[in-house]
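Residue numbers (our numbering), protein chains in the order written: chain E, 97 to 328; chain H, 97 to 328; chain D, 97 to 328; chain Y, 97 to 328. First up is the structure itself, then whatever we jot down about it.
There are 4 protein chains.
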Amino acid sequence: MLEELKERVCKANIELFNKGLVIYTWGNVSAIDRQKLLIVIKPSGIPYTELTPDQMVVVDLNGRIVEGSLNPSSDTATHLELYNNFDEVGSIIHTHSTWATIWAQVGKDIPPLGTTHADHFYGSIPCTRDLTENEVLNDYERNTAKVILECFKDKEYTNIPGVLVNKHGVFVWGKNPEEAIYNAVVMEEIAKMAYYTLLMNGNNKKIEKYILDKHYLRKHGQNAYYGQNIHK
Amino acid sequence: MLEELKERVCKANIELFNKGLVIYTWGNVSAIDRQKLLIVIKPSGIPYTELTPDQMVVVDLNGRIVEGSLNPSSDTATHLELYNNFDEVGSIIHTHSTWATIWAQVGKDIPPLGTTHADHFYGSIPCTRDLTENEVLNDYERNTAKVILECFKDKEYTNIPGVLVNKHGVFVWGKNPEEAIYNAVVMEEIAKMAYYTLLMNGNNKKIEKYILDKHYLRKHGQNAYYGQNIHK
Amino acid sequence: MLEELKERVCKANIELFNKGLVIYTWGNVSAIDRQKLLIVIKPSGIPYTELTPDQMVVVDLNGRIVEGSLNPSSDTATHLELYNNFDEVGSIIHTHSTWATIWAQVGKDIPPLGTTHADHFYGSIPCTRDLTENEVLNDYERNTAKVILECFKDKEYTNIPGVLVNKHGVFVWGKNPEEAIYNAVVMEEIAKMAYYTLLMNGNNKKIEKYILDKHYLRKHGQNAYYGQNIHK
Amino acid sequence: MLEELKERVCKANIELFNKGLVIYTWGNVSAIDRQKLLIVIKPSGIPYTELTPDQMVVVDLNGRIVEGSLNPSSDTATHLELYNNFDEVGSIIHTHSTWATIWAQVGKDIPPLGTTHADHFYGSIPCTRDLTENEVLNDYERNTAKVILECFKDKEYTNIPGVLVNKHGVFVWGKNPEEAIYNAVVMEEIAKMAYYTLLMNGNNKKIEKYILDKHYLRKHGQNAYYGQNIHK
Numbered sequence: 097m098l099e100e101l102k103e104r105v106c107k108a109n110i111e112l113f114n115k116g117l118v119i120y121t122w123g124n125v126s127a128i129d130r131q132k133l134l135i136v137i138k139p140s141g142i143p144y145t146e147l148t149p150d151q152m153v154v155v156d157l158n159g160r161i162v163e164g165s166l167n168p169s170s171d172t173a174t175h176l177e178l179y180n181n182f183d184e185v186g187s188i189i190h191t192h193s194t195w196a197t198i199w200a201q202v203g204k205d206i207p208p209l210g211t212t213h214a215d216h217f218y219g220s221i222p223c224t225r226d227l228t229e230n231e232v233l234n235d236y237e238r239n240t241a242k243v244i245l246e247c248f249k250d251k252e253y254t255n256i257p258g259v260l261v262n263k264h265g266v267f268v269w270g271k272n273p274e275e276a277i278y279n280a281v282v283m284e285e286i287a288k289m290a291y292y293t294l295l296m297n298g299n300n301k302k303i304e305k306y307i308l309d310k311h312y313l314r315k316h317g318q319n320a321y322y323g324q325n326i327h328k
Numbered sequence: 097m098l099e100e101l102k103e104r105v106c107k108a109n110i111e112l113f114n115k116g117l118v119i120y121t122w123g124n125v126s127a128i129d130r131q132k133l134l135i136v137i138k139p140s141g142i143p144y145t146e147l148t149p150d151q152m153v154v155v156d157l158n159g160r161i162v163e164g165s166l167n168p169s170s171d172t173a174t175h176l177e178l179y180n181n182f183d184e185v186g187s188i189i190h191t192h193s194t195w196a197t198i199w200a201q202v203g204k205d206i207p208p209l210g211t212t213h214a215d216h217f218y219g220s221i222p223c224t225r226d227l228t229e230n231e232v233l234n235d236y237e238r239n240t241a242k243v244i245l246e247c248f249k250d251k252e253y254t255n256i257p258g259v260l261v262n263k264h265g266v267f268v269w270g271k272n273p274e275e276a277i278y279n280a281v282v283m284e285e286i287a288k289m290a291y292y293t294l295l296m297n298g299n300n301k302k303i304e305k306y307i308l309d310k311h312y313l314r315k316h317g318q319n320a321y322y323g324q325n326i327h328k
Numbered sequence: 097m098l099e100e101l102k103e104r105v106c107k108a109n110i111e112l113f114n115k116g117l118v119i120y121t122w123g124n125v126s127a128i129d130r131q132k133l134l135i136v137i138k139p140s141g142i143p144y145t146e147l148t149p150d151q152m153v154v155v156d157l158n159g160r161i162v163e164g165s166l167n168p169s170s171d172t173a174t175h176l177e178l179y180n181n182f183d184e185v186g187s188i189i190h191t192h193s194t195w196a197t198i199w200a201q202v203g204k205d206i207p208p209l210g211t212t213h214a215d216h217f218y219g220s221i222p223c224t225r226d227l228t229e230n231e232v233l234n235d236y237e238r239n240t241a242k243v244i245l246e247c248f249k250d251k252e253y254t255n256i257p258g259v260l261v262n263k264h265g266v267f268v269w270g271k272n273p274e275e276a277i278y279n280a281v282v283m284e285e286i287a288k289m290a291y292y293t294l295l296m297n298g299n300n301k302k303i304e305k306y307i308l309d310k311h312y313l314r315k316h317g318q319n320a321y322y323g324q325n326i327h328k
Numbered sequence: 097m098l099e100e101l102k103e104r105v106c107k108a109n110i111e112l113f114n115k116g117l118v119i120y121t122w123g124n125v126s127a128i129d130r131q132k133l134l135i136v137i138k139p140s141g142i143p144y145t146e147l148t149p150d151q152m153v154v155v156d157l158n159g160r161i162v163e164g165s166l167n168p169s170s171d172t173a174t175h176l177e178l179y180n181n182f183d184e185v186g187s188i189i190h191t192h193s194t195w196a197t198i199w200a201q202v203g204k205d206i207p208p209l210g211t212t213h214a215d216h217f218y219g220s221i222p223c224t225r226d227l228t229e230n231e232v233l234n235d236y237e238r239n240t241a242k243v244i245l246e247c248f249k250d251k252e253y254t255n256i257p258g259v260l261v262n263k264h265g266v267f268v269w270g271k272n273p274e275e276a277i278y279n280a281v282v283m284e285e286i287a288k289m290a291y292y293t294l295l296m297n298g299n300n301k302k303i304e305k306y307i308l309d310k311h312y313l314r315k316h317g318q319n320a321y322y323g324q325n326i327h328k
């Protein structure tokens, strides 16, 4: 069942490790088949160096295990809630990558301070509010998704494919596992650059809206002219 | 004698090097056989790239060499005093890993600033007081353990498996060499994240107790639901 | 056509990646044949790990594609405008390398704070002004070169082979692709050292003019005495 | 002539590169044969990846080339002046390693902030004063040694085997090339740790003299008890 997607999800999980975004078992990649409404996700607590495609767990949107002998990631409920609300997302990643997590611990949005940011994220990358005690005690992982969704009430999740979870880590997404990995690597690099920029210049100004537009739209949408597959 | 434990201790010492926690001869791993009350420890001053299991030194709890032709680590007395007091510890590691040592030089406890910390350490990681001149001049290595033990008068060493020794470095422990290595790698990463969080936000708040509980207990104890071997 | 130059430009692009100056497709190298007035440049959006010499695009100084089936780098117009004005430049590189980009986001010139800088850059490395909205909306890439040229009205581009583009990244150049790569690596290291020097000592003094002269001229020009090919 | 020493000096130069202390041609190792009063030193401007033992240059204490077809390091006069004054030194290294150079640019001594420092350097690592214009214009490289020597008027160069040259880089030494490399790697790590300690705690206290003594003398001198060759 879903053999090709399992291969890609397995490979993306291993790629998290190869790109230095995770150590041991500190992150997970999932992907959804929107026709079958089934999610493929990393099993909980298995090191990346031992992962095989047949270990991937298949769950439905209610979190019921449809296939697989291992427990799915303990963050599965967060993934599911995001898939339920972000219709165009095909793959979701959670990590504690160093610089994104430092930002999450600092507890602030990452402002767009340069074109590297603008090339990939069309505005500030939000940081969620803290969860309340009640939200932590009852259905914690689903509530983690809910505070993420609050951040995107007035932002497009398709233009800003990532979020900091306050004092926790990062969730990133994309159309498919390969794009989600790309966004996770990019967000880590942007988080690092923004950290050091603000450490030196505490009150650094955001880039102008017209630069943000230029760079984001040079790479995305109908008038993009970057790369080989433009105007499609 | 203790061939299997020597293999594991040797491998763990080499792993310290492979994980980037030590250079040259700047750290050591030991493990105890609680039945025989014998400790296996790295020989002093031998580089990791040349270590072999038969070079491991076997000492008793008084520090007498029971087997081995090399001198044991010069920190042996610290290890022994900790084994004498921490009944559930099976392996101890000492390093000067970069970020933990920077924290030790800063001389403050590492507060729990995020869930990465809470997943592994159930509260602040303490930093010892300075040793007095008398404690340094007489039985220095054993007194190093004694100031560590002071830190755990009102903390559980099983829940907080590591400590900063003021202006010195770090001691970390676990049930066995593999768990101790895991804790040493985790503590180094947590030290780095906490450093940069506080550098940006000097007065950063600790995470709430209910988040600390949630994350620590999601992974440890009777109600844990992380990984594949839960509820055991 | 220009097979040897394509080989060198392809190799230099791959070297950008191997030296850690770029990830994915975040930079490009070009070179010019000054006899034929043709430029060889990286195709847009192709990863370094897949680059082959025959994919390099050949354009004339007006940006018309003379050979190649792929789109040239979206930054091509910046390269061309620089070749048109910097007669002695044979190769140009654009990257978002981490430390140079952090400096560009900080938005200040990199002052000469040590002899490592003085050995390679004969004075401050300038940072451009921001582009106006009009300059961004109309002919953005060519205008990026124009604000670079403004910085060199009173500086020698041959002595200071690099520039920060405000809130964007870095352009570096040299007589040929190999020298340009060398300058790009050096500028990244200098940017890092200068960052940490100023972070500690906010008002750090520049090196004295007589040290700047000594170190730059020890390595460059008629009286150089560094290396094996001196006095030539 | 001096074939064994050439082998070791060549290997040590390559080791500088492998340990990440230099890029391209940014450093050099020499060693002296105290019987023959001849120095073996790296040729100027040759990359480490191409170095062979027969390229090493042999010079006498006046800097005359005794053997070798290449120019010796442009820093040769600094090495010679140090050998002339530091009788027990057998090998000298000069680099622009990142953290030591940042400290040199900051322009302050590295205070002993922890036992990692005390294990290897018996007190602060000094930073030279700036050279005057006259000292730079006339016999610059020899004068670089002279400001180093000023730092050791009231310090033992055998106990503090390294120095920061203001706004420049680092010189390190040892009994032989292998010990000098060790000291260079250690000093880079100490410089990094001290930087981050002081960045967080601007007015950090030095370690107590009794800790400095304990750690330095645990590893060095007649009462050392670290390693396998103690009491010799």
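Where a beta carbon is used, it is the ideal one built from N, C-alpha and C, also for glycine.
Within-8 Å CB hit, residue i to chain H
i, result
"Y120 of chain Y", "no"
"K288 of chain Y", "yes"
"I303 of chain Y", "yes"
Of the listed residues the options, nearest to residue i (C-alpha basis)
i, options, result
"G298 of chain Y", "Y:A290, Y:K305 and Y:E304", "Y:A290"
"K315 of chain Y", "Y:A287, Y:N255, Y:M296 and Y:E284", "Y:N255"
"H213 of chain H", "H:H190, H:Y312, H:E100 and H:E103", "H:Y312"
"K115 of chain E", "E:A127, E:G265, E:E284 and E:T228", "E:E284"
"K132 of chain E", "E:L233, E:M97 and E:K271", "E:M97"
"F182 of chain Y", "Y:G258, Y:L295 and Y:N279", "Y:G258"
"G209 of chain D", "D:E99, D:Q324, D:Y292 and D:G317", "Per the sequence shown, residue 209 of chain D should be read as Leu rather than Gly. It is D:Y292."
"L176 of chain D", "D:T121, D:F217 and D:L245", "D:L245"
Chain-ordered chain H contacts of residue i [CB-CB under 9 Å]
i, result
"H175 of chain E", "What H175 of chain E touches in chain H: nothing, since even the nearest Cβ is about 15 Å away."
"Q324 of chain Y", "P139, S140, G141, I142, L166 and N167"
is_contact[residue i, chain Y] using C-beta, thresh 8 Å
i, result
"M97 of chain D", "no"
"R104 of chain D", "no"
"K310 of chain D", "yes"
Minimum Cβ-Cβ distance from residue i to chain D less than 8 Å
i, result
"I318 of chain E", "The sequence given here places Gln at residue 318 of chain E; Ile does not occur at that position. Chain D, which has no Cβ nearer than 8 Å to the Cβ of Q318 of chain E, makes this no."
"H264 of chain Y", "yes"
Rounded Cβ spacing between residue i and residue j (contact assumed at less than 8 Å)
i, j, result
"I161 of chain E", "Q151 of chain E", "Between Q151 of chain E and I161 of chain E the Cβ distance is about 13 Å, and since that is not below 8 Å, they are no contact."
"I110 of chain H", "L147 of chain H", "6 Å"
"H216 of chain E", "N279 of chain E", "7 Å"
"V105 of chain D", "I119 of chain Y", "At roughly 22 Å, the Cβ-Cβ gap does not stay under 8 Å, so V105 of chain D and I119 of chain Y are not in contact."
Cβ of residue i within 8 Å of any chain E Cβ
i, result
"G270 of chain H", "no"
"S170 of chain D", "yes"
"A200 of chain D", "yes"
"V125 of chain H", "no"
"Y306 of chain D", "no"
"V330 of chain H", "Given a span of 97 to 328 for chain H in the structure shown, any question on residue 330 of chain H remains unanswerable."
Test: residue i CB closer than 8 Å to a CB of chain C
i, result
"T293 of chain H", "The question asks about chain C, but that chain is absent: this structure's protein chains are E, H, D and Y."
Chain E contact residues for residue i, given Cβ-Cβ distances below 7 Å
i, result
"N297 of chain H", "V202"
Cross-chain neighbours of residue i in chain Y, by beta carbon under 7 Å
i, result
"Y236 of chain H", "K310"
"R314 of chain D", "S170"
Amino acids of chain D, ordered along the chain, whose beta-carbon sits closer than 8 Å to that of residue i
i, result
"E285 of chain E", "I119 and T194"
(Q) Residues of the stretch 207 to 233 of chain Y in Cβ contact with chain D at a cutoff of 8 Å, in chain order, please. (A) In summary, the residues of the stretch 207 to 233 of chain Y whose CB is separated from some CB of chain D by less than 8 Å are D226, L227, E229, V232 and L233, in the order they occur in the chain.
Q: Could you run through the stretch 178 to 194 of chain H and flag, in chain order, every residue whose CB is less than 8 Å away from some CB of chain Y?
A: Under the 8 Å Cβ criterion, the stretch 178 to 194 of chain H contributes H192 and T194.
Q.
To be precise: take each residue of the stretch 238 to 265 of chain D, compare its Cβ to all Cβ atoms of chain E, and keep it if any distance is under 8 Å. Which residues remain?
A. Within the stretch 238 to 265 of chain D, the residues whose Cβ lies closer than 8 Å to some Cβ of chain E are K263, H264 and G265, listed in chain order.
Q. Just by C-beta distance, which residues in the stretch 143 to 163 of chain Y are closer than 9 Å to chain D?
A. Per Cβ criterion, the list is empty.
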